[in-house]
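For the sequence shown, position 329 matches number 635 in the working numbering, and the numbering has no gaps at all. Ideal Cβ positions, reconstructed from N, Cα and C, are used throughout, including at glycine. Have a look at the structure below, then the notes.
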Amino acid sequence: MKLFAIAAALTLVAGQASPPVSADYGVTAHTFDISQVVLDDSRFQQNQNRTLNYLKSVDLNRLLYNFRSNHRLSTQGASRNGGWDAPDFPFRTHMQGHFLSAWSQCWASLKDAECRNRATSFVAELQKCQNNNGAAGFAAGYLSGFPESNFNDLEAGRSSTVVYYALHKTMAGLLDVWRNIGDQNAKNVLLSMASWVDNRTARLSYQQMQTILGVEYGGMQDVLAEIYRQTGDAKWITVARRFDQESTNSWLASNNDRLNGNHANTNIPKWVGAAREYKATGTQRYQDIARNAWNMVVNAHTYAIGGNSQNEHFRPPNEISNYLTKDTAEHCNTYNMLKLTKELWTMSPSTSYMDFYERAVTNHILGAQDPGSSHGHGVGPVWGGGTWSTDYDSFWCCQGSGVEQNTRLMDAIYGYDDTSLFVNLYVPSTLSWSQKNVRVRQSGQVPVTDTVTLTVSGAATFDLRLRIPTWTSNAEIAVNGVRQSVAAAPGSYARISRAWAAGDTVTVRLPLGFYLIPANDNRNIAAIGYGPVVLIGNYGSSGVSAAPTMQLGTLRRTSTTSLAFTGTANGQSISLVPWYDGGASFNYVTYWAYSGTIPPGNGCTAKRYEQCGGSGFTGCKVCESGSTCQFSNEWYSQCL
Ligand SMILES: *[C@@H]1O[C@H](CO)[C@@H](O)[C@H](O)[C@H]1NC(C)=O
Ligand SMILES: *[C@@H]1O[C@H](CO)[C@@H](O)[C@H](O)[C@H]1NC(C)=O
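Okay, structure coming up:
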């Protein structure tokens, strides 16, 4: 069979300290390297700042304790950690890789020398551990806080902890220190670890390997495919592919949703790996796996805040209203879904990927951090327990992904291809598009206000492509104050082609309003959205057993300078705030029963959502005065 050739393109990653050397297949657009984007004042920056406080204060000797102890080096003077990094915790040292990534990202975006020094000195200490393997009785390259013999248990099919899961995190952290800082020690330690993985897995049969893959192994294919990308050495692709698990890949490749009952965060990193294996090899099946998995999760397993899973597991497709429990939406899943989303966007830069990205990052990610914690502590292993992490006694998986994600909030705000600059997210920030000698500053606090201003400095010709979110209607765009007549339908990129000059400003008005995000399985239960944020009702210390009935006609915004709202539910006046302010200090309602209609003039009106298709929810006709009807079946659209 003749296959269409897919061009592999090598795009220099501007700004990345150690750029990749091998070309990617099937990529048509790129997000900017995080070294090219800085956050400006916003809730995103507040989250980042809190995490930076923690990153700069955490005691490195404590974080090194288990590595040094395991590799037979002195731990003198260092205290032991508790929680998931306690010296007897089975997969201790899963956390440190997230710190390495976070420090390196802090350096990349902010050029913060303290972050860089923490990363490089930590790597130097890890290298000493690895170099002591002879004395510790470990094979060359091994590096972990638990003994190498744990892998014997895994390979022999004995009860085993998630050894590759923890190893993957250290490797991913070293990779980030290498590519974001250019640290050669990080490269050397990483390549030695990868050689150890190669050695360890090369001697196993395909069947033995498939058995091993039944135990959670993080994103081993992901990091190995990225090592190939960084080195160009095809050996690493061979090693990456040993981690392809056929028992799940088979039904994902044929687009058969068998997610029910699967542990979510065991699986999502494998799909990020599949996306990167596609980019490394051009093998279509990998892309199918990644894309099908994304579609399944986003369309049939995702709550209004962008998170998925209940008690860490996927449930039957579309079953949302039956699982509105306190242990939904594990944070790590969303952190990994953002990575997957970004990969897929680069292969097919559609706004639907960024609609999801915006919802997940603005709600679930921002809200997984306690705004009252100066160290940015976050959720427990799963959301809803009301327990925040601590400096040294938690180290849950989601604490690790939180530390990493809150230093990567500038990721995916902007993207580019040969002719275009994509504005994907409306987050105050400054882009340095060094390839074009252009800077773009974005200001405007959506959705506190509905207007964003982009100011260009430098001169260049390109298409500015502005994402028009599905939550708005009648978007307006002006250049230097002159209204542009460009197509700006919700769920598309509006395009302005121009020879841009220094000082040009673009204003984008994205009218705001309330809208409903119904549960897939029960349209009578819905969350309430306002712009990109999901609102919750504050019930203080009162318990709420069933979804209260919100009278939609009573919804009001009560401030023009903050996101404060009221509505009447079950006859009681309730204040509503963004989900990300929910925290652990009060009980809240995210999904409501409802009656009546949303007040006109708030964006989502009967005029806009004129007609539902069929008896079940299949979509809406979007009819705006003076424009033609367009069909929209976005997953969160709602007909009133
Ligand atoms: C974050 O910290 C920086 C540096 O201290 C400061 O300039 C900025 O105002 C802070 N941002 C927010 C939103 O607090
Ligand atoms: C591979 O593993 C074996 C057994 O642990 C060891 O003897 C050998 O030195 C290793 N080879 C490399 C290249 O690390």
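> Which class does Glu782 belong to by DSSP, given the choice of helix, strand or coil?
Replying inline: Sequence index remark: in the sequence shown, residue 782 carries index 476 (1-based). Looking at Glu782 - three-state DSSP - the assignment turns out to be strand.
>> Quick check on Tyr512: does DSSP put it in helix, strand or coil?
In response: Counted from its first residue, the sequence shown places residue 512 at position 206. Reduced to three states, the DSSP call for Tyr512 is helix.
>> Please list the terminal residues of the continuous beta strand (DSSP E) segment that includes Ile880.
In response: By 1-based counting over the sequence shown, the position of residue 880 is 574. Per DSSP, Ile880 belongs to the beta strand (DSSP E) from 878-884.
> So what's Leu370 in DSSP terms, helix, strand or just coil?
Replying inline: One-based indexing of the sequence shown puts residue 370 at position 64. Correct three-state label for Leu370: helix.
> Taking three-plus beta-carbon pairs below 8 Å as touching, is the segment 320-336 in contact with the segment 386-405?
Replying inline: no
> For Gln616, which residues from the same chain have a beta carbon less than 7 Å from its beta carbon, with the 5 sequence-adjacent residues on both sides left out?
Replying inline: Locating residue 616 in the sequence shown gives position 310, counting from the first residue. Excluding sequence neighbours, Gln616 sits near Tyr629, Thr631, Asp633, Thr634.
>> Residues around ligand 1, please: the ones whose beta-carbon is closer than 6 Å to some heavy atom of it, in chain order.
In response: Asp347, Gln351, Gln352, Asn355
> How many angstroms separate the CA atom of Val746 from the CA atom of Pro677?
Replying inline: For the purposes of this step, residue 746 is taken as residue 440 along the sequence shown, with counting starting at 1. For the purposes of this step, residue 677 is taken as residue 371 along the sequence shown, with counting starting at 1. About 29 Å.
>> Quick check on Thr334: does DSSP put it in helix, strand or coil?
In response: As a working note, residue 334 is residue 28 in the sequence shown. Reduced to three states, the DSSP call for Thr334 is coil.
>> Would Ala531 and Ala586 qualify as a contact pair, given that the criterion is a beta-carbon distance under 8 Å?
In response: Position 225 of the sequence shown holds residue 531. Position 280 of the sequence shown holds residue 586. Against a cut-off of 8 Å, the Cβ pair of Ala586 and Ala531 comes out as a contact.
> By a C-beta neighbour count over all protein chains shown, 10 Å radius and 16 as the cutoff for buried, is Ala674 buried or exposed?
Replying inline: Position 368 of the sequence shown holds residue 674. The residue is buried, with at least 16 neighbouring Cβ atoms inside 10 Å.
> At what residue ranges does the segment 738-808 contain a whole run of the beta strand (DSSP E), taking only runs of 3 or more?
Replying inline: 744-749, 757-763, 766-774, 782-785, 798-806
> Name the DSSP bridge partner or partners of Tyr836?
Replying inline: For the purposes of this step, residue 836 is taken as the residue at position 530 of the sequence shown. Looking at the DSSP assignment, Tyr836 forms a beta bridge with Phe820, Val839.
> How about Arg714 and Ile340: are their beta carbons less than 8 Å apart?
Replying inline: In the sequence shown, residue 714 corresponds to position 408, counting from 1. In the sequence shown, residue 340 corresponds to position 34, counting from 1. Result yes, Cβ atoms of Arg714 and Ile340 sit closer than 8 Å.
> Between Thr467 and the rest of its own chain, which residues show a CB-CB distance below 6 Å, the 5 nearest in sequence each way excluded?
Replying inline: In the sequence shown, residue 467 corresponds to position 161, counting from 1. Taken in chain order, the residues that qualify are Pro396, Phe397.
> Relative to the alpha-carbon of Ala392, which residue among Ala808, Ala794, Asp699 has its alpha-carbon at the smallest distance?
Replying inline: Translated into positions along the sequence shown, residue 392 becomes position 86. With distances taken between Cα atoms, Ala392 lies closest to Asp699.
>> Between which two residues does the beta strand (DSSP E) holding Trp898 run?
In response: Residue 898 sits at position 592 when you count from the first residue of the sequence shown. Its beta strand (DSSP E) spans residues 897-901.
>> Please return the same chain residues whose Cβ sits closer than 6 Å to the Cβ of Ala500, not counting the five positions on each side in sequence.
In response: One-based indexing of the sequence shown puts residue 500 at position 194. Answer for Ala500: Ile533, listed in chain order.
> In angstroms, rounded to a whole number, what distance separates the CA positions of Cys638 and His619?
Replying inline: For the purposes of this step, residue 638 is taken as residue 332 along the sequence shown, with counting starting at 1. For the purposes of this step, residue 619 is taken as residue 313 along the sequence shown, with counting starting at 1. Straight-line Cα distance between these residues: approximately 12 Å.
> Taking DSSP as the reference, what is the three-state secondary structure of Ile831?
Replying inline: By one-based count along the sequence shown, residue 831 stands at place 525. Strand, per DSSP.
> How should Thr668 be labelled, buried or exposed, when 16 other C-beta atoms within 10 angstroms of its C-beta is the threshold for buried?
Replying inline: By 1-based counting over the sequence shown, the position of residue 668 is 362. Buried is the call here.
>> Is it the case that the segment 556-566 contacts the segment 351-362, given that we only count it when at least three CB pairs across the two stretches are under 8 Å?
In response: no
> Quick one, which of Asp330, Ser627, Leu818 has its alpha-carbon nearest Leu869's?
Replying inline: Numbered from 1 along the sequence shown, position 563 holds the residue referred to as residue 869. Answer by Cα proximity: Leu818.
> Excluding sequence positions up to five away, which residues of its chain have a Cβ less than 8 Å from the Cβ of Ser498?
Replying inline: Taking the sequence shown and counting its residues from 1, the one referred to as residue 498 is at position 192. Hits under 8 Å: Gln436, Ala446, Gly447, Leu449.
> Is Ala610 helix, strand or coil when you go by DSSP?
Replying inline: Numbered from 1 along the sequence shown, position 304 holds the residue referred to as residue 610. Ala610 falls in the coil class under three-state DSSP.
> Between Ser726 and the rest of its own chain, which residues show a CB-CB distance below 7 Å, the 5 nearest in sequence each way excluded?
Replying inline: Walking along the sequence shown from the start, residue 726 turns up at place 420. Around Ser726: Phe768, Asp769, Arg771.
> Can the beta-carbon of Asn494 be found closer than 8 Å to that of Ala430?
Replying inline: Translated into positions along the sequence shown, residue 494 becomes position 188. Translated into positions along the sequence shown, residue 430 becomes position 124. No, the Cβ-Cβ distance between Asn494 and Ala430 is not below 8 Å.
> Where does the unbroken beta strand (DSSP E) through Ala875 begin, and where does it stop?
Replying inline: Residue mapping note: residue 875 aligns to position 569 of the sequence shown, counting from 1. Residues 871-875.
> Nearest to Asn830 by CA position, among Gly849, Glu522, Glu636, Leu858, is which residue?
Replying inline: For the purposes of this step, residue 830 is taken as the residue at position 524 of the sequence shown. Checked all of Gly849, Glu522, Glu636, Leu858; the closest Cα to Asn830 is Leu858.
> Of the residues Asn573, Ala800, Gly837, which one's Cα is nearest the Cα of Ala784?
Replying inline: Counted from its first residue, the sequence shown places residue 784 at position 478. Ranking Asn573, Ala800, Gly837 by Cα distance to Ala784 puts Ala800 first.
> Since Ser798 and Thr657 are thought to touch, with beta carbons under 8 Å apart, how far apart are those beta carbons, to the nearest angstrom?
Replying inline: Position 492 of the sequence shown, counting from 1, holds the residue named residue 798. Position 351 of the sequence shown, counting from 1, holds the residue named residue 657. Contact flag correct, Cβ pair sits at about 6 Å.
> Hey, Tyr663 and Ala718: beta-carbon distance below 8 Å or not?
Replying inline: By 1-based counting over the sequence shown, the position of residue 663 is 357. By 1-based counting over the sequence shown, the position of residue 718 is 412. Result yes, Cβ atoms of Tyr663 and Ala718 sit closer than 8 Å.
>> Starting from Val483, trace the alpha helix (DSSP H) in both directions and tell me its first and last residue.
In response: For the purposes of this step, residue 483 is identified with residue 177 of the sequence shown, where counting begins at 1. From DSSP, the alpha helix (DSSP H) with Val483 extends over 469-487.
> Do you know how far the Cα of Asp887 is from the Cα of Arg773?
Replying inline: Along the sequence shown, one-based indexing puts residue 773 at 467. Along the sequence shown, one-based indexing puts residue 887 at 581. The straight-line gap from Cα to Cα measures roughly 26 Å.
> Bridge partners of Ala825, per DSSP?
Replying inline: Here the question's residue 825 lines up with position 519 in the sequence shown. According to DSSP, which records beta bridges pairwise, Ala825 is partnered with Asn828.
> From what residue to what residue does the alpha helix (DSSP H) around Thr572 run?
Replying inline: Residue 572 sits at position 266 when you count from the first residue of the sequence shown. Unbroken alpha helix (DSSP H) run through Thr572: 570-587.
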